[in-house]
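The opening position of the sequence shown corresponds to residue 1 in the UniProt record's numbering, with each subsequent residue numbered one higher. Heads up, the beta-carbon is just placed ideally off N, CA and C, and yes, glycines get one too.
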Amino acid sequence: MIYVICRGLLRFIYAILFPLKIIGKENVPEEGGVLLCANHISLLDPMTIGIKLRRQVKYMAKAELFKVPVLGWLIDKLGAFPVKRGGVSKESIKTALNTLRSGHVMGIFPEGTRNSDSGAAKKGAASFALRSGAAVVPAAIVGSYKPFRRITVIYGAPIDLSSFAGAGSESLEEVTDVIMGRIREMAQTGKPTVN
1 MIYVICRGLL RFIYAILFPL KIIGKENVPE EGGVLLCANH ISLLDPMTIG
51 IKLRRQVKYM AKAELFKVPV LGWLIDKLGA FPVKRGGVSK ESIKTALNTL
101 RSGHVMGIFP EGTRNSDSGA AKKGAASFAL RSGAAVVPAA IVGSYKPFRR
151 ITVIYGAPID LSSFAGAGSE SLEEVTDVIM GRIREMAQTG KPTVN
């Protein structure tokens with residue numbers, strides 16, 4: 001209920017401040033586990049990625065944020081779960097995998113932190129993708145968060161990672177490159193990727 005109310009309020013605010021253009025929303029499956037992988041350019045990205053989707057998007061969030069009065073309560077109610085900086089705990093990994101395996105949508109930023117020029121990505125998204133079996137949907141946020149400027153969110157077709165099934169940790173870098181390649185391609189072309 002809190003999620004629906006917050007999403008409605010944010011849609012109203014975004015309609016005024018940051019009009020959104022959504023491309024490829026049909027690429028996000030309506031059911032089943034989905035790992036939504038996006039570029040990360042602003043603190044507003046988690047809201048921007050999920051605001052126009054029918055399904056709730058859950059995120060990992062810095063553990064410190066849960067200690068901030070009101071904000072900590074709010075992000076907990078919105079489905080975020082804590083992750084420690086400098087290393088993901090076993091508990092965070094378990095929570096992420098359970099989230100995906102139980103059919104939810106989880107958003108993740110493979111670069112790990114905000115980055116305006118698509119920097120080096122970490123292997124966590126690839127690991128979650130291969131271990132959970134969830135659909136992997138790339139997403140690109142294009143534009144800048146300047147008031148009254150349009151921001152475009154592009155959702156690509158789910159990435160077929162079947163060729164990596166059963167592969168070990170040595171394939172994580174290659175899977176990460178595939179995911180980031182799709183995100184970069186959409187950010188550059190302004191069009192959803194296809195398989």
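For my contact list, residue i and residue j are in at a C-beta cut-off of 8 angstroms; report their separation, rounded to the angstrom.
{"i": "V57", "j": "G107", "result": "5 angstroms"}
{"i": "D45", "j": "F109", "result": "7 angstroms"}
{"i": "A96", "j": "F66", "result": "Contact doesn't hold; Cβ gap of about 16 angstroms is too wide."}
Quick one: Cα of residue i to Cα of residue j, how far?
{"i": "G42", "j": "L172", "result": "The residue you asked about is not Gly; residue 42 is Ser in the sequence shown. Cα to Cα, S42 sits roughly 26 angstroms from L172."}
{"i": "K122", "j": "V142", "result": "21 angstroms"}
{"i": "T193", "j": "G32", "result": "21 angstroms"}
{"i": "I2", "j": "D177", "result": "36 angstroms"}
{"i": "Y59", "j": "I75", "result": "9 angstroms"}
{"i": "I153", "j": "E64", "result": "It should be noted that the sequence gives Val, not Ile, for residue 153. Those two C-alpha atoms are separated by around 28 angstroms."}
{"i": "M180", "j": "G8", "result": "30 angstroms"}
{"i": "I5", "j": "E170", "result": "43 angstroms"}
{"i": "E111", "j": "N39", "result": "7 angstroms"}
{"i": "K146", "j": "T189", "result": "21 angstroms"}
{"i": "K191", "j": "I159", "result": "15 angstroms"}
{"i": "E185", "j": "G133", "result": "24 angstroms"}
{"i": "A135", "j": "N195", "result": "13 angstroms"}
{"i": "A157", "j": "A187", "result": "14 angstroms"}
{"i": "K90", "j": "F164", "result": "23 angstroms"}
{"i": "E26", "j": "A125", "result": "22 angstroms"}
{"i": "K94", "j": "M47", "result": "24 angstroms"}
Can you list, in chain order, the residues of its chain whose CB lies under 6 angstroms from that of residue i, leaving out five sequence neighbours each side?
{"i": "R55", "result": "V105"}
{"i": "L78", "result": "Y3"}
{"i": "A61", "result": "I75 and A80"}
{"i": "I151", "result": "F18, L20 and G143"}
{"i": "V83", "result": "M60 and S92"}
{"i": "P69", "result": "none"}
Tell me, which residues are paired with residue i by DSSP?
{"i": "V153", "result": "I22 and I141"}
Leaving out five residues before and five after residue i in sequence, what residues of the same chain have Cβ atoms less than 8 angstroms from its Cβ?
{"i": "V28", "result": "V34, L36, L53, R55, V105, V137 and Y155"}
{"i": "L161", "result": "A129, L130, V136, V175 and V178"}
{"i": "G103", "result": "E31, G32 and G33"}
{"i": "I49", "result": "L36, A38, V57, G107, A139, I141 and V153"}
{"i": "I51", "result": "R7, L10, R11, Y14 and L20"}
{"i": "R85", "result": "K62, A63 and E64"}
Using a Cβ-Cβ cutoff of less than 7 angstroms, which residues in the same chain neighbour residue i once the five nearest sequence positions on both sides are dropped?
{"i": "R131", "result": "L97"}
{"i": "G72", "result": "L65 and F66"}
{"i": "R182", "result": "P138, G156, I159 and T193"}
{"i": "L100", "result": "G33, L35, M106, F128, S132 and A134"}
{"i": "I22", "result": "K52 and V153"}
In chain order, each beta strand (DSSP E) run of at least 3 residues that lies wholly inside the UniProt domain "Phospholipid/glycerol acyltransferase" (34-144): 34-38, 57-62, 81-83, 105-108 and 135-142
What are the complete beta strand (DSSP E) segments, minimum 3 residues, inside the stretch 154-188? none
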